[in-house]
Structures are given as C-alpha cells and as structure tokens.
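J.: Before we start, here is the structure in question, set down as structure tokens.
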Amino acid sequence: MSVSVLVTGGAGFIGSHTVIALAAAGYRPVVYDNFSNSHQSILDGLREILGTDVPCYVADCTDKAALFDVVEREHIQGVVHFAAFKAVGESVQEPLRYYRNNLDALLTLLEVMLEVGVHDLIFSSSCTVYGTPDHLPVTESSPVLPALSPYGNTKQIGEEMLRDAVTAGKPLRVISLRYFNPIGAHSSALIGELPIGVPNNLVPYITQTAIGLRPELIVFGDDYPTPDGTCIRDYIHVMDLAEAHVSALNNLRRLGALATHYDVFNIGTGRGASVLEVVRTFEEVSGQPLRYRIGPRRSGDVPAVYADASKAQEHLGWTARRTLHDALADAWRWEQHWQKLSAQP
Ligand code: WQD
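Here my numbering is used: position 199 in the sequence shown is 209, and no number is missing along the way.
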C-alpha cells in the first residue's frame with residue numbers, strides 16, 4: 011500500500027505539479043483545497059496525466075473538523091502544505107486577512123497532525139524571507155530580514171512556529187522549502203499557472219501578452235544596479251520545484267524512528283536571470299517579438315536575489331535540472347492550451 015500524502019492547496023500551481031511528482035515517485039497524493047485560487051480543469055488535467063482520479067476534498071485548512079476527518083479517513087502519513095494566500099501586493103492591502111488565513115491554516119494543520127499522529131510535514135516557504143540580501147547568492151544561513159510584506163511575514167512566522175514546535179519536543183519532522191521564482195508548466199501542457207485576473211508575476215504576464223490578452227509588458231525599471239539595469243531573479247521550473255518536495259519527504263522518511271527534526275532548504279537553480287534576459291529567451295521560445303516597454307520601478311522589488319542551492323543538493327540529493335528556456339517553452343505551451351480550453355463553451 012503506497013504512502014498517502016495530504017497535499018493542501020494541491021489544486022494550485024505548485025501543488026498540482028507536486029501531486030504529479032509525488033505520484034511518479036510512488037506516493038498516493040490526496041488533494042485538499044478550497045479552490046479559492048484554482049479551477050476544476052486542473053483536476054481534469056491531473057486525471058489525464060496520471061490516468062486515474064486523484065482523491066480530492068474541497069475544504070478549507072482552517073476547518074479543523076473537515077481536516078481531521080480527511081487525515082483520518084485517508085490514513086495520511088505525511089503532509090505537503092501549500093494552502094495559503096500568496097499575492098504580495100494584496101497582502102499589503104489586506105494584512106489581517108493574510109495573517110488569519112495563512113497562520114490559522116498552519117496552526118489548524120499542526121493540531122490535527124499531532125492529534126492524529128502524523129509526523130512528517132513539508133512547508134512551503136519563500137525566498138522573500140531574505141528581503142534585500144547583502145550578499146549573493148543567498149544561503150540558508152543568510153540573515154532573515156524584516157519581511158517586505160505581510161505575505162512574506164506569514165512565511166517567516168510559519169517557519170518560526172514550526173521550529174519552536176520541534177524545539178519544544180512535539181513529535182514533528184519538518185522541512186521548510188524556501189522557493190525562489192517558480193515558472194513554467196508540466197510538459198503535457200495539461201496543468202499550469204492559473205493567475206486570477208491580471209497577473210502580478212512576470213512570466214504569466216509575458217505569456218498573456220504574447221497570446222494577445224495584454225497589450226504589452228511593462229518592465230518595472232531598468233535603472234537597477236545590475237548588468238542590464240533590470241532586476242535579477244532565480245527562475246526555477248515548477249517541475250524541478252515539485253520534485254524537490256518529493257526529495258524532502260523522502261529525506262524525512264529516511265529518518266526512521268527519529269521523532270523530531272527541523273531543517274530549511276533553498277530551492278532555486280543557483281542562477282540569476284534579468285527581466286530582459288527572460289524577455290529575450292521568451293522571444294527565442296515563441297519565435298515572435300514580445301511587445302514591451304520600460305516603465306517605472308515597482309515598489310518592494312529587490313534588485314537581485316538568487317539561491318545558493320548546494321545544501322539541497324548535498325542533503326536531499328536534489329538539484330534543478332531544467333533550464334530557463336525549458337520553463338518558458340512549457341509556460342508558452344500551457345498558455346496556448348489554456349486559452350483554447352477556456353474558449354470552449
Ligand atoms: C519578477 C521580476 C519585477 C511583472 C514573486 C512573489 C514572491 C515569491 C517569488 C512566492 C521583478 C518584474 C514583473 C511585470 C516586470 N513567490 N516584473 N513586469 O516579485 O520576484 O516574487 O515570486 O513565495 O512572493 O512575489 O516575482 O514575477 O512578480 O517579478 O518587470 O509585469 O519581474 O519587477 O523584477 P517576484 P515577479
């Protein structure tokens with residue numbers, strides 16, 4: 011009987027790709043999602059890729075009774091926790107909604123895990139905990155700076171809650187994964203990123219511009235202290251990121267009888283790319299020029315951040331395998347597929 015793993019937020023962008031990676035590794039993923047930021051078509055895509063229905067519960071992580079029932083009924087032995095609000099700008103406008111949702115969900119999950127006796131947890135954290143780093147690339151011992159947004163703060167507080175629970179001796183074995191910039195889609199183009207409304211993030215904005223949904227891309231500033239003046243980020247293919255969750259879960263399960271454990275890993279490619287480099291690479295991928303112009307800086311953007319991901323390679327045996335070109339090609343294929351799908355009656 012394969013090990014059942016609860017994937018909260020499993021119908022979301024990173025969650026759905028992690029469902030694929032878990033199944034490919036022989037785990038039995040169980041999706042638990044309130045669909046506040048996803049679409050039924052993602053479940054259809056998962057079914058088509060996996061050739062079977064993925065157990066899915068439409069419920070909220072702050073609903074303790076519902077969560078307790080699913081963890082018991084599905085004999086869950088490990089959890090990958092994605093379910094959270096994640097729009098940086100929105101979190102600045104609605105901080106209390108973000109603290110309530112993101113922290114309440116994690117606390118409820120931990121209570122259920124401890125009551126049922128589930129020990130292994132992979133927590134979705136973020137490179138935003140590094141703020142504007144003094145040194146690059148950032149390592150896991152780079153200073154965690156005051157968060158630049160309530161969203162980023164919920165990730166920092168989440169990590170601290172988990173570390174404190176383990177330090178207190180609670181029977182939890184936890185790995186926090188600090189993501190850099192997830193982009194791309196599964197190579198089948200049957201699942202991908204589904205930004206609700208106008209995309210905040212660069213790559214979905216690029217693909218929507220290329221397909222004609224947006225008139226042009228605005229590059230937010232080209233006067234940063236970087237080689238071409240535009241911001242540098244560590245863009246990681248979402249399938250590489252998904253596979254990192256499997257490597258982290260495998261690492262926990264290899265701990266055997268060890269009751270408590272906490273660790274943190276950067277999950278990035280270790281390579282920085284500027285906004286203009288992403289634009290140029292996308293133009294190679296799509297074979298067409300992208301309409302863009304330079305606009306003013308976006309507040310809160312840091313000039314450059316990218317990962318030193320050597321700790322994950324050394325301890326988890328994981329490293330990013332796919333290139334920026336691969337990710338943009340998969341993102342473009344997904345955009346074209348999704349526009350056809352959403353145009354159907
Ligand atoms: C990337 C670069 C923009 C849009 C996000 C999340 C963060 C974390 C990582 C989860 C920046 C520029 C963007 C546009 C642009 N995710 N840009 N025009 O801000 O690095 O971080 O992913 O934890 O929480 O916010 O990603 O894609 O928004 O921006 O020029 O229309 O692209 O200025 O330099 P970001 P992003």
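Note that beta-carbon positions come from the ideal geometry of N, C-alpha and C, so glycine has one too.
Using only the alpha-carbon positions, how far apart do T138 and R110 sit?
T.: Within the sequence shown, residue 138 is the residue found at index 128, counting from 1. Within the sequence shown, residue 110 is the residue found at index 100, counting from 1. So the alpha carbons of these two residues sit roughly 19 Å apart.
J.: What are the boundary residues of the alpha helix (DSSP H) that I304 is part of?
T.: Your numbering for residue 304 matches position 294 in the sequence shown. Note, I304: premise wrong, no alpha helix (DSSP H); beta strand (DSSP E) at Y302 to G305.
J.: Write down every uninterrupted run of the beta strand (DSSP E) in the stretch 69-128 whose length is 3 residues or greater and which is fully enclosed by it, in chain order.
T.: Segments of the beta strand (DSSP E) lying fully in the stretch 69-128: 88-91.
J.: Around the Cβ of P235, are there at least 16 other Cβ atoms within 10 angstroms (buried) or fewer (exposed)?
T.: For this step, residue 235 is matched to residue 225 along the sequence shown. By the 10 Å Cβ count, P235 comes out exposed.
J.: Enumerate, from N- to C-terminal direction, the unbroken alpha helix (DSSP H) stretches of 4 or more residues contained entirely within the stretch 119-198.
T.: Counting whole runs of 4 or more residues, the stretch 119-198 contains the alpha helix (DSSP H) stretches 160-177.
J.: My output table needs one value for D233: the three-state DSSP class, helix, strand or coil.
T.: Within the sequence shown, numbered from 1, the residue matching residue 233 stands at position 223. In this structure, D233 counts as coil in the three-state DSSP scheme.
J.: Counting beta carbon pairs with one atom in the stretch 127-135 and one in the stretch 251-269, are three or more of them shorter than 8 Å?
T.: Yes, the stretch 251-269 touches the stretch 127-135.
J.: If distances are taken between C-alpha atoms only, which option among G22, M11, L16 and T62 comes closest to I206?
T.: Counting from one through the sequence shown, the residue named residue 206 turns up at place 196. When each option's Cα is compared against that of I206, the closest is G22.
J.: Take the Cβ of R332 as the centre, count every other Cβ of all protein chains shown within 10 Å, and call the residue buried at 16 or more, exposed below.
T.: By 1-based counting over the sequence shown, the position of residue 332 is 322. Classification of R332: buried, given that the 10 Å Cβ count is 16 or more.
J.: Any heavy atom of ligand 1 closer than 7 Å to the beta-carbon of K96?
T.: As a position in the sequence shown, residue 96 is number 86, starting the count at 1. Within the cutoff, so yes.
J.: Do H27 and H145 count as a contact pair if the criterion is CB distance below 8 Å?
T.: Locating residue 145 in the sequence shown gives position 135, counting from the first residue. Locating residue 27 in the sequence shown gives position 17, counting from the first residue. Taking 8 Å as the Cβ cut-off, H145 and H27 do not qualify as a contacting pair.
J.: If we ignore side chains and look at the alpha-carbon of each, how far apart do K165 and S135 end up?
T.: Here residue 165 corresponds to residue number 155 of the sequence shown, with the count starting at 1. Here residue 135 corresponds to residue number 125 of the sequence shown, with the count starting at 1. Each residue's Cα considered, the two are about 5 Å apart.
J.: When the Cα of Y42 is compared with those of L60, A76, A35 and M11, which residue comes out closest?
T.: Along the sequence shown, read from residue 1 onward, the residue named residue 42 stands at position 32. Ranking the options by Cα distance to Y42, first place goes to A76.
J.: Rounding to the nearest angstrom, what Cα-Cα distance links Y161 and V98 in this structure?
T.: On the sequence shown, position 151 is the one that residue 161 refers to. On the sequence shown, position 88 is the one that residue 98 refers to. Their backbone Cα atoms lie some 6 Å apart in a straight line.
J.: Say whether the stretch 224-235 touches the stretch 56-66, bearing in mind that this needs 3 or more beta-carbon pairs closer than 8 Å, one atom from each stretch.
T.: No, they do not touch.
J.: Please return the same chain residues whose Cβ sits closer than 7 Å to the Cβ of D250, not counting the five positions on each side in sequence.
T.: The count along the sequence shown starts at 1 and reaches residue 250 at position 240. Contacts found: A330, R331 and R332.
J.: Any idea if P237 is buried or exposed, counting beta-carbon neighbours within 10 angstroms, 16 or more meaning buried?
T.: Numbered from its first residue, the sequence shown carries residue 237 at position 227. Result: exposed.
J.: Hey, out of E324, E121 and A341, whose CA is closest to I246's CA?
T.: Counting from 1 along the sequence shown, the entry for residue 246 is found at position 236. Measuring from the Cα of I246, the nearest candidate turns out to be A341.
J.: Within its chain, find whatever has a CB closer than 8 Å to the CB of D233; leave out the 5 residues flanking it on each side and keep chain order.
T.: Residue 233 sits at position 223 when you count from the first residue of the sequence shown. Correct list, in chain order: G239 and R307.
J.: What whole-angstrom Cβ distance do E293 and L300 have, given they're in contact under 8 Å?
T.: As a first step, residue 293 must be located in the sequence shown, where it is residue number 283. As a first step, residue 300 must be located in the sequence shown, where it is residue number 290. Contact flag correct, Cβ pair sits at about 5 Å.
J.: Cβ of I201 versus every heavy atom of ligand 1: is any distance shorter than 7 Å?
T.: Here residue 201 corresponds to residue number 191 of the sequence shown, with the count starting at 1. No, Cβ of I201 sits at least 7 Å from all heavy atoms of ligand 1.
J.: Would you identify the three-state DSSP class for H347, choosing helix, strand or coil?
T.: Position 337 of the sequence shown, counting from 1, holds the residue named residue 347. It is helical.
J.: Ligand 1 heavy atoms versus the CB of V176: any closer than 7 Å?
T.: Stepping through the sequence shown from its first residue, residue 176 is reached at position 166. It does not: the Cβ of V176 is nowhere closer than 7 Å to a heavy atom of ligand 1.
J.: Could you work out which residue in S46, S159 and V64 is closest to V102 when comparing CA atoms only?
T.: Locating residue 102 in the sequence shown gives position 92, where the first residue counts as 1. Of S46, S159 and V64, the residue nearest in Cα terms is S159.
J.: Can you tell me whether L227 is helix, strand or coil according to DSSP?
T.: Walking along the sequence shown from the start, residue 227 turns up at place 217. Reduced to three states, the DSSP call for L227 is strand.
J.: Tell me D273's beta-bridge partners as DSSP assigns them.
T.: For the purposes of this step, residue 273 is taken as the residue at position 263 of the sequence shown. D273 pairs with I185.
J.: How many whole angstroms separate the CB atoms of I86 and S152, which I take to be in contact at a CB cut-off of 8 Å?
T.: Here residue 86 refers to the residue found at position 76 when the sequence shown is read from its first residue. Here residue 152 refers to the residue found at position 142 when the sequence shown is read from its first residue. 34 Å between Cβ atoms; not a contact.
J.: Quick one: residues in its chain with C-beta nearer than 7 Å to the C-beta of V29, no 5 flanking neighbours on either side, listed in chain order?
T.: Reading the sequence shown from its first residue, position 19 is the one you call residue 29. Answer for V29: V17, G20, P39, V41, L56 and V64, listed in chain order.
J.: Since D244 is in the alpha helix (DSSP H), which residue starts that stretch and which ends it?
T.: In the sequence shown, counting from the first residue as 1, residue 244 sits at position 234. Note, D244: premise wrong, no alpha helix (DSSP H); not H, not E.
J.: Please report the straight-line C-alpha distance between Q218 and S296, rounded to a whole angstrom.
T.: Translated into the one-based positions of the sequence shown, residue 218 becomes position 208. Translated into the one-based positions of the sequence shown, residue 296 becomes position 286. Those two C-alpha atoms are separated by around 12 Å.
J.: Out of A34, G25, A175 and S12, which has the shortest C-alpha to C-alpha gap to H2?
T.: Since the first residue shown for the chain is 11 and the last is 355, residue 2 is missing from the structure and cannot be characterised.
J.: Put A330 into one of helix, strand or coil per three-state DSSP.
T.: As a working note, residue 330 is residue 320 in the sequence shown. A330 falls in the coil class under three-state DSSP.
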